[in-house]
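The sequence shown lines up with residues -21 to -1, 1 to 142 when you count with mature numbering (1 follows the signal peptide of the UniProt record, and there is no 0). By construction, the Cβ of each residue, glycine as well, lies at the ideal position given by its N, Cα and C atoms.
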Amino acid sequence: MKHLQILTFAACLALAPSAHASEVVIGLGAVEFNSNLAPNDRQFTFEYRFDPYREWHKGQIGWGVAVVGHAAGDVWAGAGLIAQRQLGRRWFAEASLMPGLYFENGPATALGHTIEFRSVLAVGYKITETSSISLAIDHRSNGGLSEFNPGSNGLSLRFHHKF
């Protein structure tokens, strides 16, 4: 039930009317848990990005919210900063850091704490003015908040749509 509440809250944040709505990112991929207790799993990523609050010639930085769900039922939801740098006319690189809350579906996928930090590095390609694709690696860790800190690593193919 708590997973459904988190997903509903994230969807409401993302779909709420806003004059500053800028981008939605949807991704599919795989996640590996570093504790060796859980098998690799599929992951689904949803991000909502607000208009950048700082832009310069080849880059931008702004706020976003994200939800990551695993096929086994684990859910992470967070908010933080997203930076993007143009690498030419169509290519771009991206990095983000978001603190968030993680709810595991069992002890095998426990990451050691409810508070988990998600970092992402991605490279992408602009298809049109409003559509892009990217390949992202992400890492989630509690940053030493708990003695048990196995973390997880993910790889996702993502589709971006700007409004």
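query, result
"Alpha carbon to alpha carbon, how far is residue 105 from residue 128? Give it in angstroms, no decimals.", "36 Å"
"Nearest to residue 16 by CA position, among 130, 141 and 142, is which residue?", "130"
"Tell me the residue span of the beta strand (DSSP E) that contains residue 83.", "Counting along the chain, residue 83 falls outside any beta strand (DSSP E), and DSSP gives it neither H nor E."
"If you draw a straight line from the alpha carbon of residue 54 to that of residue 40, how long is it in whole angstroms?", "26 Å"
"Mapping DSSP to helix, strand and coil, what is residue 109?", "coil"
"For the 8 Å Cβ check, are there 3 or more pairs between the stretch 42 to 58 and the stretch 72 to 86?", "yes"
"What residue range does the beta strand (DSSP E) around residue 137 cover?", "131 to 141"
"State whether the stretch 94 to 108 contacts the stretch 66 to 81, with contact taken as three or more CB pairs (one from each stretch) at a distance under 8 Å.", "yes"
"Among the residues of its own chain, which have a CB less than 7 Å from the CB of residue 95, if the five just before and after it don't count?", "55, 79, 81, 119, 120 and 121"
"What would DSSP say about residue 93, mapped onto helix, strand or coil?", "coil"
"Report the rounded CA-to-CA distance for residue 165 versus residue 24, giving the unit in angstroms.", "A question about residue 165 goes unanswered here, because the residues of the chain that appear run from -21 up to 142."
"Look up residue 145 in the DSSP assignment and give the residues it is bridged to.", "No information on residue 145 is available, as it lies outside the stretch -21 to 142 that the chain covers here."
"Please look up how many angstroms separate the CB atoms of residue 144 and residue 1, rounded, as I've assumed it's under 8 Å.", "Past the edges of the chain, shown from -21 to 142, lies residue 144, and the structure says nothing about it."
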